[in-house]
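Here is the structure we will look at.
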Amino acid sequence: MASSLVDNIIRLKSMLSEMEQDFGLTSLSSVEKNVYLAAQDIKAKDGSVETKHILEHSFTQSMSRPTFFRALKSIQEKGLIQNAPEKKVGLFIVNNI
302 MASSLVDNII RLKSMLSEME QDFGLTSLSS VEKNVYLAAQ DIKAKDGSVE
352 TKHILEHSFT QSMSRPTFFR ALKSIQEKGL IQNAPEKKVG LFIVNNI
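Read left to right, the sequence shown gives residues 302 to 398 (this note's numbering).
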């Protein structure tokens, strides 16, 4: 039983790795991926998401604030998110990859 469970985890991890490669996420650190995927998960229909909501997501809850904000800045520099035009701080538009 334990062996089959481990085998399933290995298959899932392999599939996830392949999907991340297909979508171009392999260049991101694990922290950057978690921040970007959290933003993707909770963005509004117009693509906007507030920083405070990304911070509350289960993918980012255990991160320190400095780590979170470094990752947020990094994915912004990589063009994955951008400041929303109507508000300079705390609101982003999530770009699709």
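Don't be surprised by glycine CBs; every beta carbon is placed ideally from N, CA and C.
- Looking only at K389, G391, I355 and M316, the smallest Cα-Cα distance to V332 is reached by I355.
- When rounded, the separation of the alpha-carbon atoms in S359 and G325 is 22 Å.
- Its chain contains T327 as the residues whose beta carbon lies nearer than 6 Å to that of E321, once the 5 sequence neighbours on both sides are disregarded; these appear in chain order.
- F369 places its beta carbon 7 Å or farther from that of I382.
- In the structure shown, L392 adopts extended strand secondary structure according to DSSP, grouped into three states.
- In the three-state reduction of the DSSP assignment, I355 falls in the helix class.
- In this model, E357 and S365 are separated by some 12 Å (Cα to Cα).
- Secondary structure in the region 329-382: the beta strand (DSSP E) runs of 3 residues or longer, each lying completely within the stretch, are 349-351 in chain order.
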